[in-house]
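To convert, note that position 151 of the sequence shown is 151 in the UniProt record's numbering; the numbers rise steadily by one, no gaps.
Cβ atoms here follow ideal geometry from the backbone N, Cα and C, with glycine treated the same way.
Fair warning: this is a prediction, and the values are worked out from it, not measured in the lab.
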Amino acid sequence: MSFENILYAVDDRIATITLNRPEKRNALSPALRREIVSALKTAEADDDVTLILIQGAGSAFCAGYDMNSYAGGEADPERPDGWNDSELYESWTGQFPRSCLRDWLTIWDLLKPVVAKVHGFALAGGSELMSMCDIVFAADDCVMGYPPTRAQSTPDVEYFPWKMSMAQAKYLQLGGHSVTGKRAAEMGWIAKSFPADELDEQVMRELRPMAKLHPAMLSANKIALNQTYEVMGFRSALQASVPWYVLAQGFRPGSGEFKTRAARDGLKSALQWRDGDFKDEGFVL
């Protein structure tokens with residue numbers, strides 16, 4: 001298949017999806033999201049594939065959603081033609097988290113295990129993509145978190161309560177804090193972390209034996225695990241969090257102030273307003 005925003009390859013029964021917008025730190029545009037979902041379904045249908053690995057090209061796994069592309073610079077099929085009017089656009093923002101949840105639930109529902117290999121940054125939407133994968137390996141020094149909860153919105157996909165303890169979930173989401181890959185492994189957010197210069201080697205050491213297992217056995221175990229979380233309310237809880245995202249988008253000051261500053265002074269200025277106090281305190285743990 002031909003892709004513009006990802007690289008796709010199959011080797012030794014492992015399908016590798018590489019986010020390939022390194023100049024944007026692999027920020028998630030509508031086109032990139034569509035290609036990730038398409039590649040996942042392609043790998044699922046391929047009898048020569050047992051496992052799927054998602055990684056990022058360049059300096060980061062994924063720095064979040066590319067909000068410039070969603071603000072009108074790129075066609076988005078979730079936003080119908082003619083929805084450029086500001087009032088209509090505001091109503092469309094309710095569809096944005098639903099479409100994000102729909103895309104990342106593709107990973108959850110896929111019959112084959114999906115593994116994320118994280119380096120550099122996995123922030124905001126990048127942390128959603130990472131967290132919805134079945135297994136996550138990361139570099140010790142990478143940074144992951146959801147800083148937009150400080151001023152922009154709740155997460156599009158409310159993964160925090162399902163990936164760690166209540167104490168850690170509240171600490172990270174309420175403060176918008178980020179942690180290193182090493183700390184994420186210690187708190188149970190991800191499976192393992194490795195020194196950055198060993199990440200590629202160690203991840204393949206983990207995946208090669210797993211790729212030799214029968215796909216049906218892997219699928220049965222994934223489904224059995226997922227059904228347990230479904231009984232506990234996993235899917236319903238994620239769907240129920242969408243209205244809070246929509247409400248938070250309208251808070252002033254907060255999301256409204258962030259948007260005003262970004263439009264008037266640029267994104268860097270808005271980020272400084274959002275994160276400045278926290279950076280001074282060195283809150284990456």
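Member of the options whose CA lies at the smallest distance from the CA of residue i
i	options	result
Gly-175	Pro-147, Asp-197 and Ala-196	Pro-147
Ile-107	Ile-17, Lys-182 and Pro-195	Ile-17
Ser-193	Ile-135, Ala-240, Ala-139 and Glu-206	Ala-139
Lys-279	Leu-40, Arg-98, Ser-127 and Ser-178	Ser-178
Leu-101	Lys-112, Met-204 and Ser-127	Ser-127
Gly-125	Arg-235, Gln-272 and Ser-29	Ser-29
Ala-9	Arg-25, Asn-26, Glu-23 and Asp-48	Asp-48
Asp-66	Pro-22, Leu-213, Gly-256 and Ile-54	Pro-22
Ala-15	Tyr-159, Thr-154, Ala-270 and Ile-54	Ile-54
Tyr-245	Tyr-171, Ala-270, Gln-168 and Asp-156	Asp-156
Arg-25	Asp-46, Ala-57 and Gly-181	Ala-57
residue 296	Gly-181, Thr-180 and Glu-158	As displayed, the chain neither begins before 1 nor continues past 285, which places residue 296 out of reach and without an answer.
Arg-33	Arg-13, Ser-59 and Ser-99	Ser-99
Sub-8 angstroms separation of residue i and residue j beta-carbons
i	j	result
Met-166	Trp-189	no
Val-143	Ile-52	no
Phe-61	Gly-145	no
Gly-64	Leu-123	yes
Phe-3	Ala-39	yes
Trp-273	Arg-261	yes
Phe-258	Gln-152	yes
Glu-206	Phe-137	yes
Thr-50	Ala-211	yes
Thr-149	Ser-241	no
Residue burial classification, residue i (beta-carbon count within 10 angstroms, cutoff 16)
i	result
Asn-84	Reliability fails at Asn-84, whose pLDDT of 47 lies under 50, so the model's placement of it is uncertain and no value is given.
Leu-225	exposed
Leu-220	Looking at the sequence itself, residue 220 is Ala, so the reference to Leu does not match. Ala-220 should be labelled exposed.
Cys-231	Contrary to the premise, residue 231 reads as Val rather than Cys in this sequence. The residue is exposed, with fewer than 16 neighbouring Cβ atoms inside 10 Å.
Asp-197	exposed
Asp-11	exposed
Gly-82	With a pLDDT of 48 at Gly-82, under the threshold of 50, the modelled position of this residue cannot be trusted, and the question is left open.
Pro-97	buried
Gly-73	Residue placement at Gly-73 is poorly supported in this model, since its pLDDT is 47, which falls under 50; the coordinates still yield a value, given next. Exposed, because fewer than 16 other Cβ atoms sit within 10 Å of the Cβ of Gly-73.
Thr-180	buried
Leu-172	buried
Ala-45	exposed
Ser-91	No answer about Ser-91 holds up, because its pLDDT of 45 lies below 50 and its placement is not dependable.
Within-8 angstroms CB hit, residue i to chain B
i	result
Ala-43	The structure shown contains no chain B; it holds only a single protein chain.
Supposed contact pair residue j and residue i - C-beta distance, whole angstroms, cut 8 angstroms
i	j	result
Leu-199	Lys-117	7 angstroms
Glu-35	Asn-5	5 angstroms
Pro-215	Lys-112	6 angstroms
Asp-103	Val-37	5 angstroms
Inset, instruction - Take every Cβ of the segment 95-111, pair it with every Cβ of the segment 125-136, and state whether three or more of those distances are shorter than 8 angstroms. - result: yes
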